[in-house]
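If you're matching them up, the sequences are chains A and B in order. Note that the working numbering has the first sequence beginning at 3, numbered continuously upward. Note that the working numbering has the second sequence beginning at 576, numbered continuously upward. Ideal placement from N, C-alpha and C gives every residue a C-beta, glycine not left out.
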Amino acid sequence: NAGVTQTPKFQVLKTGQSMTLQCAQDMNHNSMYWYRQDPGMGLRLIYYSASEGTTDKGEVPNGYNVSRLNKREFSLRLESAAPSQTSVYFCASSPSQGAGELFFGEGSRLTVL
Amino acid sequence: GENVEQHPSTLSVQEGDSAVIKCTYSDSASNYFPWYKQELGKRPQLIIDIRSNVGEKKDQRIAVTLNKTAKHFSLHITETQPEDSAVYFCAAAATGTASKLTFGTGTRLQVTL
Numbered sequence: 003n004a005g006v007t008q009t010p011k012f013q014v015l016k017t018g019q020s021m022t023l024q025c026a027q028d029m030n031h032n033s034m035y036w037y038r039q040d041p042g043m044g045l046r047l048i049y050y051s052a053s054e055g056t057t058d059k060g061e062v063p064n065g066y067n068v069s070r071l072n073k074r075e076f077s078l079r080l081e082s083a084a085p086s087q088t089s090v091y092f093c094a095s096s097p098s099q100g101a102g103e104l105f106f107g108e109g110s111r112l113t114v115l
Numbered sequence: 576g577e578n579v580e581q582h583p584s585t586l587s588v589q590e591g592d593s594a595v596i597k598c599t600y601s602d603s604a605s606n607y608f609p610w611y612k613q614e615l616g617k618r619p620q621l622i623i624d625i626r627s628n629v630g631e632k633k634d635q636r637i638a639v640t641l642n643k644t645a646k647h648f649s650l651h652i653t654e655t656q657p658e659d660s661a662v663y664f665c666a667a668a669a670t671g672t673a674s675k676l677t678f679g680t681g682t683r684l685q686v687t688l
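Below, the structure is given as structure tokens:
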């Protein structure tokens, strides 16, 4: 049982390049999330998917897009990376559609030069 | 939207002493308040949570208290041990279609020998 798996774990991009962060969970959870973590700012919600087939903006969605490919997978895309998007990105999932525990992946460290 | 403030940002205690971390929230609709622990380079993991229908919850050396009237909640760790050293995040969410947690900015707890 792997839980929540994110790829890649590390990535360096140049300004303007695009990339997709992949996330998959094997816990049959309904809801999935993408957070970014920056020093001194905690974790901020980028996008979430309450259930398969739905996605919604979180607190900091600008510059990102998401796709809920199926119940297991939720990807985050940066179309034109900017230095301000340098961060650690965490994918998470939760079993219910209401407020409850989040299960996080190991994180993806992204650097944009 | 919800705003969660967390204090202090750093906390140093001697082994065996107690540690208290405090959070305030702004949205009166919030009714779920978890605490996450993040060790260096690791993913955040839930250590305890409380819902608005109770005022206190304990789990061994960890306890959380909630004052809905004042919109604040606190984490109490007793008999601290070196392995308690980590960053702790409080969060808040309202019942809804997903577990949209708003996190505090974190408290770095250092337990010294």
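Assuming glycine 667/B and histidine 651/B make a contact with CB atoms under 8 Å, what is their CB distance in whole Å? It should be noted that the sequence gives alanine, not glycine, for residue 667/B. Contact flag wrong, Cβ pair sits at about 18 Å.
Flag proline 10/A as yes when its Cβ comes closer than 8 Å to any non-hydrogen atom of the ligand GTP, and as no otherwise. Absence of the ligand GTP from the depicted structure is noted, as is the absence of any ligand whatsoever, leaving it without description.
For a test of the three-state rule: what should DSSP assign to serine 584/B, helix, strand or coil? coil
Using the beta-carbon of each residue, which ones in chain A are nearer than 7 Å to arginine 618/B? Phe92, Phe106, Gly107, Glu108 and Gly109
Is the CB of threonine 670/B under 9 Å away from at least one CB in chain A? yes
Do the segment 7-14 of chain A and the segment 52-68 of chain A touch if we need at least three Cβ pairs shorter than 8 Å? no
Suppose contacts are defined by Cβ-Cβ distances below 9 Å. Is arginine 618/B in contact with glycine 44/A by that definition? no
Cutting at 6 Å between CB atoms, please list the residues of its own chain near threonine 640/B, excluding the five before and the five after it. Glu631 and Ser649
Secondary structure of serine 82/A, DSSP reduced to three states: coil
Which word fits threonine 113/A, buried or exposed, when buried means at least 16 other C-beta atoms lie within 10 angstroms of its C-beta? exposed
Residues sharing a beta bridge with aspartate 39/A, DSSP: One detail in the question is off: residue 39/A reads as glutamine in this sequence, not aspartate. Answer is Leu45/A and Val90/A.
Note down, in chain order, each residue of its chain lying with its Cβ closer than 7 Å to the Cβ of glycine 18/A, except the 5 sequence neighbours on either side. Ser82 and Ala83
Look at the alpha carbon of phenylalanine 678/B and the alpha carbon of serine 587/B, and state the distance between them as a whole number of angstroms. 22 Å
Which of the three DSSP states is assigned to aspartate 659/B in this structure? helix
is_contact[glycine 42/A, chain B] using C-beta, thresh 9 Å: yes
Name the one or two DSSP bridge partners that threonine 677/B has. Ala667/B
Helix, strand or coil, according to DSSP, for lysine 59/A in the structure here? strand
Rounding to the nearest angstrom, what Cα-Cα distance links leucine 71/A and threonine 682/B in this structure? 36 Å
Nearest CA to the CA of tyrosine 91/A: which residue from Glu103/A, Gly100/A and Phe76/A? Phe76/A
Identify, in the order they occur along the chain, each residue of the same chain with its Cβ nearer than 8 Å to the Cβ of serine 20/A, setting aside the five sequence neighbours on each side. Arg79, Leu80, Glu81, Ser82 and Ala83
Ordered along the chain, which non-local residues of its own chain (more than five positions away) have a Cβ less than 7 Å from that of glutamate 654/B? Gly591 and Arg636
Alpha carbons only, please: which of Phe608/B, Glu614/B, Ile623/B and Leu615/B is nearest the one belonging to asparagine 578/B? Phe608/B
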